[in-house]
Each structure stands twice: as structure tokens, then as C-alpha cells.
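Visitor:
Numbering (this note's numbering), first residue to last: 538 to 692.
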């Protein structure tokens with residue numbers, strides 16, 4: 538059972554951080570370099586719901602596995618921090634995906650209409666900036682979780 542929990546923990550961490558890194562540094566920049574802003578926004582708009590669902594699934598598995606590993610550990614200190622960070626990562630992802638992304642998606646089509654662009658752009662830019670900040674915070678916390686995990690796996 539311990540091997541299964543550790544495997545699920547590592548797989549969820551790897552997939553989640555890998556997805557964030559790929560989308561943030563390869564996928565989204567490539568899409569926006571290759572397509573017009575309107576088309577790039579449409580493509581990213583199609584990707585985001587699945588991007589966040591993957592984060593919810595990985596985050597839930599990571600949090601549950603970290604809590605299980607904390608309870609099974611002889612010394613719970615680092616695993617308590619890992620569990621707290623996993624919970625924070627999941628909460629930030631839920632907020633970004635359930636509160637910010639739907640509102641930004643609703644505003645996106647209006648960005649390219651002359652009648653509404655000037656009025657919706659400030660709100661869209663604010664939402665986009667907040668989503669980027671949250672994504673960066675999840676990535677940073679995930680890197681800390683990775684380092685703490687590596688420390689716990691030392692021989």
C-alpha cells in the first residue's frame with residue numbers, strides 16, 4: 538500500500554508541475570507567437586478548462602497522498618509542510634480555475650469588438666495578471682514540495 542501511495546504522490550506531482558512548466562513556458566508562448574491574438578485566445582480558451590481539471594485531479598491526489606504519508610511517517614514535520622503546501626496549491630488552482638478563468642473567458646470575445654474592447658480590457662488584464670500570479674505561486678510551491686520530497690527520499 539505504501540508503494541502505491543508514494544507512486545500516486547510522485548505521479549501527481551510530476552504531472553502537475555510538468556503541465557504548468559510546459560504550458561507556461563512552451564505551449565502558451567508558442568500559441569501566441571504562431572497565431573493571431575484572436576485565434577490564440579480561442580485556442581488557449583479551449584485548453585484552460587482541461588488544464589485546470591488536470592490541476593484539480595493532481596492536486597487532490599497529491600494532497601490526499603501527502604496527508605497519508607504524513608500520518609505514516611516517523612517524523613511528521615516535513616510531511617506536514619508538504620501537506621500544507623499541497624493544500625495551498627490546490628486552493629489556488631481551484632480559485633484560478635473556478636473564479637478567474639470563467640470570468641476571463643466571458644470577457645475574451647469582447648476584447649476584439651470595437652464597442653466593448655476599451656471597457657473590458659482593464660478587467661481582463663487584471664484577471665490575466667492574477668491568474669499568472671496564482672500559476673507562478675502554484676509552480677513555486679510545487680518546486681518546494683519537490684525539494685522536500687527529494688530530501689525525504691535520501692538514502
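We put the CB at the ideal spot given by N, CA and C, even for glycine.
So, is residue 549 buried or exposed, given that buried needs 16 or more other C-beta atoms within 10 angstroms?
Guide: The residue is buried, with at least 16 neighbouring Cβ atoms inside 10 Å.
Visitor: Check residue 617 in the structure and name its three-state DSSP category.
Guide: In this structure, residue 617 counts as helix in the three-state DSSP scheme.
Visitor: What is the rounded straight-line gap between the Cα of residue 678 and the Cα of residue 620?
Guide: Each residue's Cα considered, the two are about 11 Å apart.
Visitor: Of all the options 559, 571, 579, which has the alpha carbon lying nearest to the alpha carbon of residue 648?
Guide: Out of 559, 571, 579, 579 has the C-alpha closest to the C-alpha of residue 648.
Visitor: Would the beta-carbon of residue 588 fall within 9 Å of that of residue 560?
Guide: Contact: yes.
Visitor: Return the first residue and the last residue of the alpha helix (DSSP H) that residue 657 is part of.
Guide: Here the alpha helix (DSSP H) through residue 657 covers 651-689.
Visitor: Can you tell me which of 640, 616, 570 puts its alpha carbon nearest to the alpha carbon of residue 585?
Guide: The residue with the shortest Cα to Cα distance from residue 585 is 640.
Visitor: Could I get the ranges of all uninterrupted alpha helix (DSSP H) runs contained in the segment 554-588, with 4 residues as the minimum, in chain order?
Guide: You should have 565-571.
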